[in-house]
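Engineer: So that we are looking at the same thing, I have put the structure below in structure tokens.
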Amino acid sequence: MDKGILAAIVAAYIIKKRQGRKKREWVKKWVLKRQSRGVFNSLLMELRLEEKETYKNFLHMSADDFDCLLKMVSHKITKANTVMRKSILPEERLALTLRFLATGDSYHSLMYLFRIPKQTISKIVPECCQAIYEVFKDEYMKPFPFKNQPAPNRIFNYRLSRARRVVENVFGLLASRFRILRNTILLQPEKVITVVSAIVCIHNFLISRNSNQIYLPPGTFDQENELEISTNESSTSSLLSLETFSGHNYSNASKEVREEFKNYFM
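Right, here's the structure in full:
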């Protein structure tokens, strides 16, 4: 057989085989409609203009607070456009992350809400959380935890355990605002640390804002005066009490130090 005819037959066979092969979609059609029908560019923009309270419920912060936070982290979460597609804007990345922290929704659920593939979401959320933490990590300090020790003098107990109670109170507040803390976080341990660190930073950011009365209604934290010490116990239910250990034989010197502090506080 002539080589030219053989080459033509082979070429025809290859072309036919390629035509019969089902082409794999690079991006799903419904994902391509993100800019027109995704929640960020449709519902969230509408709420921002017309329903500010509902906007706050959606992201758990006001539009002004969102803009301020975005300005601080945008340089860390902005991605360059490629030949194949435009990058997701930093404001949409931040909104997606805040929604994840506020609700604890799965990546799969957020995929349909924002019209962003869950593989992309799995990269966006940790990156945004890391960016938030890096922006605030040098500004905020962790509270010092301390076990609430039982003792006859309530004033002494209160002073001794103040740091511990702050941790319990704040954790209860965080769990009520960021519902991802109410369930098992289905991420790798190192990513969980990043997520929780970002939540703490966002909490401190919001209480420093002029709109903090929205985030922290009156009565949220413990109140103290000379006659009464009240504890917001409902906010501490998210933490379990530590076990009591027996066999603590402390010295008389330790008792004297405790008495001196007690007398000082009184």
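Numbered per numbering that gives the first Met the number 0, the sequence shown spans residues 0 to 265.
No residue lacks a Cβ here, since even glycine has one placed at the ideal position from N, Cα and C.
Candidates H202, S210, R114: which alpha carbon is nearest V38's?
Structural biologist: If we check each option's Cα against that of V38, R114 comes out closest.
Engineer: Could you check where the alpha helix (DSSP H) with L46 kicks off and where it finishes?
Structural biologist: Run containing L46: 44-49, per the alpha helix (DSSP H) assignment.
Engineer: State the DSSP-derived secondary structure class of H74, mapped to helix, strand or coil.
Structural biologist: If DSSP states are grouped into helix, strand and coil, H74 belongs with the helices.
Engineer: Looking at A101: is its Cβ nearer than 8 Å to the Cβ of L58?
Structural biologist: Cβ distance < 8 Å, so A101 and L58 count as in contact.
Engineer: One question on the structure: do R208 and D64 come within less than 8 Å of each other, judged by their Cβ atoms?
Structural biologist: Contact flag set, yes.
Engineer: Within the continuous alpha helix (DSSP H) that includes L185, where are the two ends?
Structural biologist: Element bounds for L185: n/a, residue is neither H nor E.
Engineer: If you run the structure through DSSP and keep just helix, strand and coil, what is R114?
Structural biologist: The answer is coil: DSSP assigns R114 none of H, G, I, E or B.
Engineer: Hey, D186 and V195 are a contact pair by Cβ (cut 8 Å); roughly how many whole angstroms apart?
Structural biologist: Position check: residue 186 holds Leu in this sequence, whereas Asp was assumed. Actually they are not in contact, since the Cβ atoms of L186 and V195 sit about 10 Å apart, beyond 8 Å.
Engineer: So, for T77: in the same chain, excluding its five sequence neighbours on each side, which residues have a beta-carbon less than 6 Å away from its beta-carbon?
Structural biologist: Closer than 6 Å at the Cβ level, and outside the excluded window around T77, lie P89.
Engineer: Can you have a look at P125 and say buried or exposed, based on whether 16 or more other CB atoms are within 10 angstroms of its CB?
Structural biologist: With 16 or more other Cβ atoms within 10 Å, it is buried.
Engineer: Note down, in chain order, each residue of its chain lying with its Cβ closer than 6 Å to the Cβ of E223, except the 5 sequence neighbours on either side.
Structural biologist: Caution is warranted here: a pLDDT of 49 is assigned to E223, below 50, making its placement in the model unreliable, and the coordinate value is therefore given only provisionally. For E223, where only same-chain residues beyond five positions count, there are no Cβ hits under 6 Å.
Engineer: Do I201 and I87 have their C-beta atoms within less than 8 Å of each other?
Structural biologist: No.
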